[in-house]
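Protein sequences appear in the order of chains A and B. If you count the first sequence from 1, position 37 lands on 38 in this note's numbering, and the numbers rise without skipping. If you count the second sequence from 1, position 58 lands on 78 in this note's numbering, and the numbers rise without skipping. Yeah, the Cβ is synthetic: ideal placement off N, Cα and C, and Gly gets one too. Heads up: the structure comes next, in structure tokens.
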Amino acid sequence: MNDRELLARIQAGDDQAFTRLVETWTPRLLRWLTVTGCAHHDAEDVVQETFLRVHRHAAGYRPRWAVSTWLFTIAHRLRLDLVRRTHEPMRDQAAPPAPEPADGGLWDLARTLLAPDDHHLLWLRYGEDLEPGAIAAVLGINGLACRVRLHRARARLRDALTARGTPVECLS
Amino acid sequence: MIRTDLDDRLRRAAAGMPGPAAASLACRIVAAAGPLPRPRPRPAAPRGVIPWVPLAAAVAIAVALVLAVDGSTAEGVAVPIVATTAVEDPLQVEIDALRRDIGTAGSALGDLVAWERFAPGLDGIRAPDIRDR
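Written as structure tokens, this is what we have:
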């Protein structure tokens with residue numbers, strides 16, 4: 002059963018479908034939030050509130066939207082609300098940078114190299130496999146701007162890898 | 021090529037990153053959410069009521085389709101409607117034509133001549149009297 006069918010069942014009042022959606026999506030949302038700098042307890046709050054919103058407003062979902070886009074958009078807005086309330090960036094400053102060019106440290110390198118928003122953008126594209134149009138919808142930005150920022154973030158990362166003597170061509 | 025390599029590396033690296041334990045959180049969320057609200061049935065339309073809005077929309081769509089098919093304008097549709105609703109008196113049409121022929125339209129003589137030409141044998145119908153004018 003795909004996510005759209007799950008949502009249709011949730012709209013019909015199927016509690017089992019809601020449980021399944023939560024079990025499927027909680028790890029993904031939690032990982033996305035923590036990887037992009039959200040403290041763990043804040044990430045848990047955001048994920049919990051996201052699903053409570055889904056529970057309350059499932060009738061507002063329209064099948065023309067991808068479920069992933071809908072969930073990420075709700076979570077992203079809740080995250081922004083939390084940042085505004087606490088007046089501090091959610092980036093976990095205690096996390097040690099690990100700029101090793103091996104694949105395990107590639108995202109840490111991206112995190113130290115790129116602005117938080119661009120790192121976030123890059124994760125939604127490659128970590129969550131969202132299309133640029135969906136990313137633009139989640140972040141509330143123009144689709145063209147999204148593509149340009151993605152291109153620049155990728156170029157910066159590639160240049161950094163090349164400068165470290167590990168050009169990307171040699172690593173594939 | 022470079023872009024593809026980097027894309028693949030980013031995807032592989034993301035897939036290899038361990039996610040935080042989320043099972044207990046999922047259980048807490050489901051427990052906190054409780055049962056889903058039952059969907060409310062949509063109220064049925066009362067019987068015997070004509071759905072004017074859909075009807076008007078259907079008529080508008082039909083007119084638009086007619087316009088799209090024959091390529092005419094809105095005026096092209098309106099003209100025949102007006103032409104079929106405006107009914108003219110054939111007698112008056114004939115009299116007007118005779119007035120134009122004689123060239124004395126509006127004059128008493130013109131009326132008389134027109135009447136005589138139009139209704140020469142009609143008994144019981146009084147011809148316009150010149151002295152009436």
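Start and end residues, alpha helix (DSSP H) containing residue i
{"i": "Glu-132 (chain A)", "result": "Neither: Glu-132 (chain A) is in no alpha helix (DSSP H) and is coded neither H nor E."}
{"i": "Pro-40 (chain B)", "result": "From DSSP, Pro-40 (chain B) is part of no alpha helix (DSSP H); its letter is neither H nor E."}
{"i": "Arg-65 (chain A)", "result": "Taken as a continuous stretch (DSSP letters only), Arg-65 (chain A) belongs to no alpha helix (DSSP H), as it is neither H nor E."}
{"i": "Cys-39 (chain A)", "result": "Per DSSP, Cys-39 (chain A) belongs to no alpha helix (DSSP H) and is neither H nor E."}
{"i": "Ala-9 (chain A)", "result": "4-12"}
{"i": "Arg-126 (chain A)", "result": "First-last for Arg-126 (chain A): undefined, no H or E at that position."}
{"i": "Gly-144 (chain A)", "result": "144-164"}
{"i": "Arg-60 (chain B)", "result": "Segment: none, Arg-60 (chain B) is in no alpha helix (DSSP H) and carries neither H nor E."}
{"i": "Ala-116 (chain A)", "result": "Premise fails: Ala-116 (chain A) is in no alpha helix (DSSP H) and is neither H nor E."}
Within chain A, partners of residue i - CB distance below 7 Å
{"i": "Val-79 (chain B)", "result": "Here the premise fails: no neighbours, minimum Cβ distance about 29 Å."}
Selection from the options that minimises the alpha carbon distance to residue i
{"i": "Leu-162 (chain A)", "options": "A:Gly-106, A:Trp-71, A:Arg-32", "result": "A:Gly-106"}
{"i": "Ala-34 (chain B)", "options": "A:Asp-109, A:Leu-158, A:Arg-54", "result": "A:Asp-109"}
{"i": "Ala-59 (chain A)", "options": "A:Val-149, A:Leu-7, A:Gly-128, A:Ala-135", "result": "A:Leu-7"}
{"i": "Asp-119 (chain A)", "options": "A:Ala-135, A:Asp-82, A:Leu-158", "result": "A:Leu-158"}
{"i": "Asp-27 (chain B)", "options": "A:Arg-5, A:Asp-4, A:Asp-130, A:Asp-82", "result": "A:Asp-130"}
{"i": "Pro-38 (chain B)", "options": "A:Asp-4, A:Arg-148, A:Cys-147, A:Gly-128", "result": "A:Gly-128"}
{"i": "Arg-29 (chain A)", "options": "B:Ala-42, B:Arg-120, B:Val-79, B:Asp-25", "result": "B:Ala-42"}
{"i": "Arg-10 (chain A)", "options": "B:Val-79, B:Val-86, B:Pro-57, B:Pro-110", "result": "B:Pro-57"}
{"i": "Ala-40 (chain A)", "options": "B:Pro-40, B:Gly-36, B:Ala-52", "result": "B:Pro-40"}
{"i": "Val-139 (chain A)", "options": "A:Arg-112, A:Asn-3, A:Val-23, A:Trp-66", "result": "A:Trp-66"}
{"i": "Gly-38 (chain A)", "options": "A:Trp-124, A:Arg-150, A:Leu-53, A:Arg-57", "result": "A:Trp-124"}
{"i": "His-56 (chain A)", "options": "B:Pro-55, B:Ile-70, B:Ala-78", "result": "B:Pro-55"}
Contact set between residue i and chain A, taken where Cβ atoms lie within less than 9 Å
{"i": "Leu-85 (chain B)", "result": "Ordered by position in chain A, no residue passes the 9 Å Cβ test against Leu-85 (chain B), which lies about 26 Å from the chain."}
CB contact check: residue i to chain C, cutoff 9 Å
{"i": "Ala-88 (chain B)", "result": "Reference to chain C is not applicable here, since the protein chains of this structure are A and B."}
Proximal chain B residues relative to residue i, where beta-carbon distance stays under 7 Å
{"i": "Thr-37 (chain A)", "result": "Correct list: empty, because the minimum Cβ distance to chain B is about 12 Å."}
{"i": "Arg-32 (chain A)", "result": "Gly-39, Pro-40"}
{"i": "Asp-16 (chain A)", "result": "Pro-55, Leu-56"}
{"i": "Pro-28 (chain A)", "result": "Gly-39, Ala-42"}
{"i": "Glu-6 (chain A)", "result": "Residues of chain B passing the Cβ test: none, with the nearest at roughly 16 Å."}
{"i": "Arg-63 (chain A)", "result": "By Cβ distance, chain B contributes nothing, its closest Cβ being about 15 Å from Arg-63 (chain A), past 7 Å."}
{"i": "His-56 (chain A)", "result": "Ala-53, Leu-56"}
{"i": "Trp-71 (chain A)", "result": "None at all; the shortest Cβ gap to chain B is about 16 Å."}
Per-residue contacts from residue i into chain B (C-beta, under 9 Å)
{"i": "His-41 (chain A)", "result": "Pro-40"}
{"i": "Ile-11 (chain A)", "result": "Leu-56"}
{"i": "Asp-53 (chain A)", "result": "The sequence given here places Leu at residue 53 (chain A); Asp does not occur at that position. Under the 9 Å cutoff, chain B gives Ile-49, Ala-52, Ala-53."}
{"i": "Gly-128 (chain A)", "result": "Leu-30, Arg-31, Ala-33, Ala-34, Ala-35, Met-37"}
{"i": "Arg-85 (chain A)", "result": "Within 9 Å Cβ-Cβ: nothing; Arg-85 (chain A) doesn't reach chain B, min ~23 Å."}
{"i": "Val-139 (chain A)", "result": "In chain order: nothing, as chain B lies at least about 16 Å away."}
{"i": "Leu-79 (chain A)", "result": "Near Leu-79 (chain A) there are no residues of chain B at all, since even the closest Cβ is about 13 Å away, more than 9 Å."}
Interface partners of residue i on chain B, CB under 8 Å
{"i": "Ile-136 (chain A)", "result": "Within 8 Å Cβ-Cβ: nothing; Ile-136 (chain A) doesn't reach chain B, min ~14 Å."}
{"i": "Phe-19 (chain A)", "result": "Val-50, Ala-53, Leu-56"}
{"i": "Asp-118 (chain A)", "result": "Near Asp-118 (chain A) there are no residues of chain B at all, since even the closest Cβ is about 17 Å away, more than 8 Å."}
Residues that residue i contacts on chain A, provided the C-beta gap is smaller than 8 Å
{"i": "Met-45 (chain B)", "result": "The sequence given here has Leu at residue 45 (chain B), not Met. Thr-27, Leu-31, Glu-45, Val-48, Gln-49, listed in chain order."}
{"i": "Pro-59 (chain B)", "result": "Gln-12, Ala-13, Gly-14, Ala-60"}
message: With a threshold of 8 Å, are at least 3 pairs of Cβ atoms found where one atom belongs to the region 135-149 of chain A and the other to the region 44-51 of chain A?
response: Fewer than three Cβ pairs drawn from the region 135-149 of chain A and the region 44-51 of chain A lie within less than 8 Å of each other, which leaves the two stretches out of contact.
message: For the region 30-46 of chain A against the region 11-19 of chain A, do three or more pairs of beta-carbon atoms, one drawn from each stretch, fall closer than 8 Å, so that the two count as touching?
response: As far as the Cβ criterion goes, the region 30-46 of chain A does not touch the region 11-19 of chain A, which means the pair count is below three.
message: Contact between the region 69-82 of chain A and the region 27-42 of chain A is defined here as three or more beta-carbon pairs at a separation below 8 Å; is this criterion met?
response: The region 69-82 of chain A vs the region 27-42 of chain A: in contact.
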